[in-house]
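Residue numbers (my numbering), protein chains in the order written: chain A, 8 to 767; chain B, 168 to 249; chain C, 7 to 164. Think of the CB as a built atom: it goes at the ideal place given N, C-alpha and C, for glycine as much as any other residue. All figures in this text were calculated on a predicted structure; none of them were measured in a lab.
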Amino acid sequence: MAEKTYKWVGTRQPRPDGADKVTGRARFGADFDMPGQLVGKVLRSPHAHANIRSIDTSKAEALPGVKAVMTSADMPDMPDEMAPAGEVMVNLRDVTRNVMAREKALYDGHAVAAVAATTEAIARQALALIEVDYEVLPHVIDVDQAVAEGAPILHENLRTKNVDGAEDTLTNVAARIQFTKGDMDSGWSQADVVIEHAFTTKPVHQGYIEPHAAVASTTEDGQVQLWCSTQGQFNVRGYCAKLLGMETSQIRVTPSEIGGGFGGKTVVYGEPLAIKLSQKAGKPVKIVMTREEVFRGSGPTAAGAMDVKLGATKDGRIVAADLNIRMQAGAFPGAPVGPACMCSFACYDIDNINVVGFDVVSNRPKVAAYRAPGSPVAAWGVESAINMLAEKLGMDQLELRIKNAAREGTKTHYGPTFKDIGMAATLDAAKNSPHYQTPLKPGQGRGVAVGFWFNIGMDSSAACHVGEDGTVTLISGSPDIGGSRASLALMAAEELGVDYQKIRPIVADTASIGFNFLTGGSRVTFATGMAVVQAVREAIDELRARAAKLWEVDVEAVIWEDGCAKPAGSNVGDFEPLSLAEIAVNAGKTGGPINGHAQLNAQGAGPGFGAQIYDVSVDQDTGHVTVDRCTVVQDVGTAIHPDYVEGQLQGGVVQGIGWALNEEYIYNDKGQLENTGFLDYRMPVASDLPMIEPIIVEVPNPNHPYGVRGVGEVPIVPPMAAIGNAIAGATGIRMTDLPMSPPKLSAAIDAARVSEAADD
Amino acid sequence: MAKVILTRWLARQFTAGQIEHQVPGLTIRALARELEYRYPGIIKHLEDGVAVAIDGEIYQNAFLEKVEPNSEVAFMPPIEGG
Amino acid sequence: MAKNHVTTTINGEPVEFLCETHETMLDVLRNDLGLTGSKEGCGSGDCGACSVMVDGRLACACLMLGAEAEGRSIETIEGMAAGEELHPLQKNFVKEAALQCGICTPGVLVAAKALLERNPDPTETEVRYWLAGNLCRCTGYDKIIRAVMDTAAEMRAN
């Protein structure tokens, strides 16, 4: 594709919501209040696994100030089948049970009842008065223990999907999935070198700083208004309607500003409870999670245990690849094992591939999406094994990847054949980066890893309203997590040919714009961007038509250029260009308001590839790892707003550094989560980190008017393995279990010393 | 004729393990109907809860999407994301 | 339960409020005074989203009782801009994209302003350690650190 030059796209403009967010004016989930609202609080199970024999709420109901108490009995049960809720296929029987436990509590922190009271103190007191009769059951936390013979069974009704003869077997394995390509026997027979190893990851939390928050206000005629912090107000509407037996048109969801989500705010927790409590109490109800509740009761990402086997020829051609991955879904099925399996070897052109994945339930919170769900887990094993292979072959880690990189025409193991993709361009950029060209300092190790994400399209609606003074309101339904208002406004400014500042982008509620799928999967700038461009083009067509009327010419004789209607040629007539403002002021005389609308299911999302380079130092006594330098390279298609593209890359990397070095859930022997605060769940802080150097590669996606692929998912895929590879370079020790925290690494260093001493 | 690639599981359930199929049809809906004619019961697995890659590009909720005579059409699990 | 009557100064204005003894300063700011710019990310002093200045010292409002505000001077994010004029840190955070979701931003700005008031020429390491009490999950801190350093340079030049 020829290099295009743009006036606005690709420039670094101030974000439209900037002033609100640096002054404290922006209203996030917990910042919204309704007159007369009650405080909602949730009672949570202290047991990892227990039958609920009965719940007695009478004492809580009798407490002065308590206006409503609810349990799962207040919500209809749901059939055990996949059903659409806001365009996501979910098992509503599981969702209603995750929102509030029914016959069983399935994890420490599982909601079992909720109250609404006039004050928080009374609400807390009321929770203490609810009597739950639990029959505590044996529990299982670890994924491999959950699939072992004799493991406690979470769901009596669960049978393994996709396995013949599994109909009669109680199990914690919800599904088996397999992808194959080529012939494994032939692959292994060609291999001169084989690497085989086991790897594990721990669940990590998305770690958004804003806890979940919702305010519900209901009326006697069945209408609901809900304000909440979410990545998808339409998905919240869909879930709540299904779970409460309502119609979607009765529920109007307004998304607040959202204080981080990363996938964790794509599902519902307190939202349907706030609605139900509000209905019972006849007053608005606000539920805000505490940080402890966020950790105990909301979705972390899935962890995995896996075995990776790679075979290569002496000259470094990978000829066979095998992955067996068990992923923990939490208390209900739905680990992202499909994407994990599909992403695992997507960066490579390998003839013979076999990937088997398992979706496994255990007594932990039900997982939620987290940036490129599944892909980082598989990459931890695969990208570590690639380096082990490079070590065995005596090849440079980047050269081995370049030699085997997926290219145009590579057939993936999950079916499709790649078209123009940026894997090779990304690797070249990494190889030529200042970072990779700089020699290591003594004691440092360097690690490289690559990552893949599909990027997604899905449904978006947008509207472009031209004001009487020629300024524009741009309406979408995609919550803005990381600057998407700015990127949408830039594309609109480019199309209209007007100043970026003349465009005001708005994130609308579910009643004010057509359906938008949630903000996630790196889709907003791609898919909602496409809808915005179409909506603006429709408005431009209307503007041309109005100019044609004013000039008494055919609409085909009017073009739109540099923010003005102009005659298409000299034969049209001698007309001065008409600006947006000049046409807008006469809109009433020429046919009424000038607006454009678009709705689409965006297809043709372009796959994203990334490569990352880390230099680390390891304190040999404490096992503490310092990231000295980090470069993140990624093909983003086109960077609409480079600052926020860089921000996505840097932010994803740092989440990955936390995943690699510190973050994990720590359970006691009762299956209770012990690190429920930021002090003990150690996310990276500013002093842990160097600057993160971004290199943006731009291989435009031909299916998008501005070549967008998507940015946010890929950066979290490579860090864990890249840092493991760097640690191996610095210490000679191959870490196989995340996180590579100081206690674990120092133990490994000590063990290596002992073994060296024994060898001497 | 489009080259249709089924998932292993669908192939095992419906096509005696055959993953690749030559199928006439100019839209995803037409391909799905033809496959249903050959393998009764398969259609609900082709129309809901799946993604489709047409010549390497992933489509979600594909139904009326056009398919070229030599297109490669791969059915795969749907993708969401964080 | 008798409430405490507290007389204090918030963002330069005399303020009186009534609060329960167990109420934190953050509860008072957010729930009683409508100053929701200070955020609750953790309630345990670990995330810094509720950073405020108390008599010129940086503090987490969630670790302070409302009653402790008696006779003190509190500054919050709402008092940072001078009328319509944003503080140079606020301007540069927008200009340099030092925020993504924006939930940590008020706390980061209050903390960064406190740093520049005591050290107008901090090194990158000093900025990183000073802001180590403010969690940001979106940005990887890179652009935050740069915006603070750039603002310091700009303020020194003026």
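Apart from sequence neighbours up to five positions away, the residues of its chain that approach A/ASN675 with a beta-carbon distance below 6 Å are GLU681, ordered along the chain. Against chain B, the CB of A/ASN169 has a partner CB under 7 Å away; the residue lies at that interface. DSSP, read as helix, strand or coil, puts A/MET690 in coil.
Looking only at A/ILE202, A/THR187, A/GLY157, A/GLN257, the smallest Cα-Cα distance to A/VAL180 is reached by A/GLY157. Around the Cβ of B/MET168, a 10 Å sphere holds fewer than 16 other Cβ atoms; the residue is exposed. The beta carbon of A/VAL660 lies closer than 8 Å to those of GLN619, CYS637, VAL639, ILE699, PRO722, ILE723, PRO726 in the same chain, with the five residues before and after it left out. DSSP places B/GLN189 inside the beta strand (DSSP E), whose first and last residues are 187-190. Shown in chain order are the members of the stretch 356-390 of chain A whose Cβ falls below 7 Å from a Cβ of chain B: ALA376, TYR377, ARG378, ALA379, PRO380. For the options A/CYS471, A/PRO512, A/THR738, A/PHE39, the alpha carbon positioned closest to that of A/GLN232 is the one of A/PHE39. Uninterrupted beta strand (DSSP E) stretches at least 3 residues long and entirely within the stretch 419-472 of chain A occur at 451-460, given in chain order. Taking 7 Å as the threshold, the shortest C-beta distance from A/GLU475 to chain B does not fall below it. Per DSSP, reduced to three states, the secondary structure at A/TYR13 is coil, with no helix or strand assignment. Neighbours of A/SER351 in chain B, taken as residues at a C-beta separation under 8 Å, are lacking, since the least C-beta distance is about 13 Å. Contact annotation for C/LYS149 against chain A: ASP650, GLU653, GLY654, GLN657 [CB-CB distance below 9 Å, chain order].
Note: B/GLU224 is bridge-paired with B/ILE221 in the DSSP secondary-structure output. For B/ARG200, the enclosing alpha helix (DSSP H) starts and ends at 195-205. Residue-level contact by beta carbon holds for C/ALA87 and chain A, with a gap shorter than 7 Å.
At least 7 Å separates the CB of B/ALA183 from every CB of chain A. For the stretch 273-305 of chain A, the set of residues with a beta-carbon nearer than 7 Å to any beta-carbon of chain C comprises THR297, ARG298, in chain order. Between the stretch 17-37 of chain C and the stretch 434-452 of chain A there are fewer than three C-beta pairs closer than 8 Å, too few to call the two in contact.
The count of Cβ pairs closer than 8 Å, one atom from the stretch 275-284 of chain A and one from the stretch 215-232 of chain A, reaches three, so the stretches are in contact. B/GLU224 has a beta carbon lying within less than 7 Å of a beta carbon in chain A.
In this chain, the alpha helix (DSSP H) harbouring B/HIS212 covers 210-214. Under the three-state reduction of DSSP output, A/ILE723 falls in the helix class.
For A/ALA500, the enclosing alpha helix (DSSP H) covers residues 491-503. Considering only beta carbons, the part of the stretch 77-97 of chain A lying closer than 9 Å to chain B consists of MET89, PRO91, GLU94, VAL95, MET96, in chain order. Taking a 10 Å sphere around the C-beta of A/LYS293, we find 16 or more other C-beta atoms and assign the residue as buried.
Between the beta-carbon of A/GLU110 and that of A/ASN58 there is about 7 Å, and that keeps the pair under the 8 Å contact cut. Using a Cβ-Cβ cut-off of 8 Å, B/GLY192 is close to nothing in chain A; its nearest Cβ partner there is about 18 Å away. Contact between A/ALA605 and A/ALA542 holds, since their C-beta atoms are separated by about 4 Å, short of 8 Å. Secondary structure of C/SER57 (DSSP, three-state): strand. Using beta-carbon distances, C/LEU141 counts as an interface residue toward chain A, with a partner under 7 Å.
At least 7 Å separates the beta-carbon of C/LYS45 from that of C/ILE150.
Per the C-alpha coordinates, the member of A/ASN593, A/ALA588, A/GLY490, A/ASN370 positioned closest to A/ALA55 is A/ASN370. Any Cβ of chain A closer than 7 Å to the Cβ of C/GLY146 would place that residue at the interface, and such an atom is present. Partner residues in the beta bridge of A/LYS48, as assigned by DSSP, are A/VAL122.
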